[in-house]
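Notes for the one structure printed next.
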Amino acid sequence: MELLLGNENLRQRADFTYKYNVKTGRHGWLRLTPAYSLKIVEDLIVAKPKAKRILDPFCGTATTSLSAAYHAREGVTIDINPFLVWLGQSKTARYSKDDIKSTNNAYSGVMDLVKSGDIEPCPLPALHNIERWWHRKELDFLRLLKAAIYKTTKEPSIERTLLMIAFCRTLMKLSNAAFNHQSMSFKDGGQIRMNLEVDFAGIFSEDVQFVMSGASQNPSGEGKVLLGDSRNVVGVVDGKFDLIITSPPYANRMSYIRELRPYMYWLDFLSNGRDAGELDWLTIGGTWGIATSKLTEWERPAEQFRSKQLVEVLDKISHADNKNGGVLSKYVAKYFDDMWAHFRGLLPVLDSHAEIHYIVGNSTFYGTLVSTELLYAEMLKELGFTNIVCSPIRKRNSKKELVEFDVVAHWR
Ligand SMILES: C[S@@+](CC[C@H](N)C(=O)[O-])C[C@H]1O[C@@H](n2cnc3c(N)ncnc32)[C@H](O)[C@@H]1O
Numbered sequence: 001m002e003l004l005l006g007n008e009n010l011r012q013r014a015d016f017t018y019k020y021n022v023k024t025g026r027h028g029w030l031r032l033t034p035a036y037s038l039k040i041v042e043d044l045i046v047a048k049p050k051a052k053r054i055l056d057p058f059c060g061t062a063t064t065s066l067s068a069a070y071h072a073r074e075g076v077t078i079d080i081n082p083f084l085v086w087l088g089q090s091k092t093a094r095y096s097k098d099d100i101k102s103t104n105n106a107y108s109g110v111m112d113l114v115k116s117g118d119i120e121p122c123p124l125p126a127l128h129n130i131e132r133w134w135h136r137k138e139l140d141f142l143r144l145l146k147a148a149i150y151k152t153t154k155e156p157s158i159e160r161t162l163l164m165i166a167f168c169r170t171l172m173k174l175s176n177a178a179f180n181h182q183s184m185s186f187k188d189g190g191q192i193r194m195n196l197e198v199d200f201a202g203i204f205s206e207d208v209q210f211v212m213s214g215a216s217q218n219p220s221g222e223g224k225v226l227l228g229d230s231r232n233v234v235g236v237v238d239g240k241f242d243l244i245i246t247s248p249p250y251a252n253r254m255s256y257i258r259e260l261r262p263y264m265y266w267l268d269f270l271s272n273g274r275d276a277g278e279l280d281w282l283t284i285g286g287t288w289g290i291a292t293s294k295l296t297e298w299e300r301p302a303e304q305f306r307s308k309q310l311v312e313v314l315d316k317i318s319h320a321d322n323k324n325g326g327v328l329s330k331y332v333a334k335y336f337d338d339m340w341a342h343f344r345g346l347l348p349v350l351d352s353h354a355e356i357h358y359i360v361g362n363s364t365f366y367g368t369l370v371s372t373e374l375l376y377a378e379m380l381k382e383l384g385f386t387n388i389v390c391s392p393i394r395k396r397n398s399k400k401e402l403v404e405f406d407v408v409a410h411w412r
């Protein structure tokens with residue numbers, strides 16, 4: 001299965017998002033939460049039966065929180081992206097039989113409206129180059145479908161949420177990247193359609209069934225998904241935690257806002273490129289659109305992470321034989337200053353003897369290796385954590401120096 005909302009049901013644990021390179025015209029799927037990290041999260045939770053309150057300060061698609069809830073714990077998680085918070089809340093929520101029934105009724109109402117054609121399509125989302133994602137017929141159907149869901153359901157309501165999750169799945173299946181759907185194959189580049197007769201309504205119907213089957217499998221524990229900034233954890237969560245499991249952003253210039261923008265525009269979380277860039281600037285590790293130009297003006301704060309190791313890395317990157325060396329050196333500095341703020345802010349919410357796991361990859365910039373795991377270890381040591389270990393988990397790709405680690409440490 002190829003969609004953000006996963007391969008089993010609403011509660012699935014493997015998340016994919018859409019990746020489209022406008023320059024090369026290549027499409028593909030990017031795994032937000034690869035299967036191996038799902039397994040790690042699950043194993044860590046099972047191995048710690050005494051950990052009752054588990055925090056993930058970088059929610060993403062709510063894997064940790066959902067996993068905690070399924071193991072009858074309390075899983076609390078934070079994200080700065082309101083779309084991911086909405087998604088996480090809907091994944092971790094409990095749905096009653098009445099909720100399922102009323103959503104099925106709402107679905108019938110939506111389909112009646114779509115088939116009658118007696119409804120004004122919603123405006124086209126202001127996503128740049130939208131016609132490269134969807135062909136005209138698909139766009140027309142999606143606009144009609146969204147208008148019908150909005151007309152049939154209230155905001156906020158469970159019916160609206162569940163149908164919009166199914167809508168997310170459908171919009172990805174109807175995109176030019178949907179190479180897995182039998183009746184919709186496209187040649188590389190996304191332009192040549194092999195079969196024009198696609199049953200759009202049938203696809204949405206399948207997606208609604210899929211989401212509903214997941215919605216009916218309620219977790220026994222509680223999953224809480226909160227909107228907030230992990231550089232100020234204490235301002236977002238209540239109480240203390242005995243286990244932290246997270247996969248934070250990596251220092252690799254991947255922008256979650258960029259990757260998620262098709263969903264965010266269709267679901268009205270974004271309406272223009274400027275806001276997208278502003279939100280990216282707020283995220284740790286973001287450098288997309290306006291975020292990159294802001295970086296050129298940015299100076300390291302007084303409360304920066306002071307490290308000889310980091311200074312050497314920044315110096316090498318800024319003197320690389322490349323015109324972007326200066327700005328990328330700032331990018332790396334900001335990433336570690338932000339993570340430093342995060343770790344310092346985490347201390348007040350840690351129970352004594354809390355254990356933390358940060359699953360993170362290293363990166364390279366113009367041949368300079370940025371050993372994120374070692375820099376995390378240095379920060380944690382300075383803050384007073386003990387038994388700090390960086391265990392390699394896997395190689396990230398064919399480049400042999402790119403590795404993912406589980407950085408483990410214990411609070412005193
Ligand atoms: C690598 S992803 C997390 C993946 C997640 N552990 C999972 O399993 O799906 C990093 C997440 O951190 C979020 N993020 C970035 N900066 C943040 C901040 N300052 N506060 C809270 N969340 C932030 C991003 O929006 C993104 O969802």
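Residues in the sequence shown are numbered from 1 upward in steps of one, following my numbering. Note that CB positions come from ideal geometry on N, CA and C, so glycine has one too. These numbers come from a predicted model, not from an experiment.
Test item: CB-CB of residue i and residue j under 8 Å
i	j	result
Leu295	Thr287	yes
Gly235	Gly228	yes
Asp242	Asp351	yes
Leu162	Met212	yes
Ala333	Arg300	yes
Ala215	Ile290	no
Ile359	Ser37	yes
Ile245	His357	yes
Lys320	Tyr250	Reading the sequence as shown, one finds Ala at residue 320 and not Lys. No, the pair does not count as a contact, with Cβ atoms beyond the cut-off.
Ser391	Val403	no
Val76	Val237	yes
Ile388	Lys395	no
Thr364	Glu312	no
Arg412	Leu383	no
Any non-hydrogen atom of ligand 1 closer than 7 Å to residue i Cβ
i	result
Arg231	yes
Cys59	yes
Ser247	yes
Tyr358	no
Thr92	no
Tyr256	yes
Thr483	Nothing can be reported for residue 483: it is not among the residues displayed for the chain, which extend from 1 to 412.
Ile80	yes
Thr63	yes
Ile40	no
Asp238	no
Ile284	yes
Asp43	no
Asp56	yes
Ser352	no
Leu84	yes
Ser37	yes
For residue i, the residue or residues it bridges with in DSSP
i	result
Arg132	Partner(s): none; Arg132 has no beta bridge.
Thr386	His410
Ile244	Leu55, Ile356
Glu297	Answer is none; Glu297 lacks a bridge partner.
Arg394	Glu404
Ser363	Val370
Lys224	Val76
Simplified DSSP assignment, three categories, for residue i
i	result
Leu402	coil
Val332	helix
Asn81	coil
Asp351	strand
Pro262	helix
Val236	coil
Val155	According to the sequence displayed, residue 155 carries Glu and not Val. In the structure shown, Glu155 sits in coil (DSSP, three-state: anything other than H, G, I, E or B).
Leu87	helix
Phe269	coil
Glu278	helix
Trp288	coil
Lys39	helix
Ser307	coil
Leu127	coil
Leu174	coil
Cys168	helix
Ile257	helix
Tyr250	coil
Lys48	coil
Asp118	coil
is_contact[residue i, chain B] using C-beta, thresh 8 Å
i	result
Val389	In the displayed structure, chain B is absent; only one protein chain is listed.
- Taking 8 Å as the threshold, find out whether the region 204-213 comes into contact with the region 164-180 through three or more Cβ pairs. yes
- Touch check for the region 254-265 and the region 358-378: three-plus C-beta pairs under 8 Å? no
- Query: Just checking, does the region 247-258 make contact with the region 99-111 on the three C-beta pairs under 8 Å criterion?
  - Reply: no
- Item | the region 116-126 in contact with the region 89-100 per 3-pair CB rule at 8 Å | no
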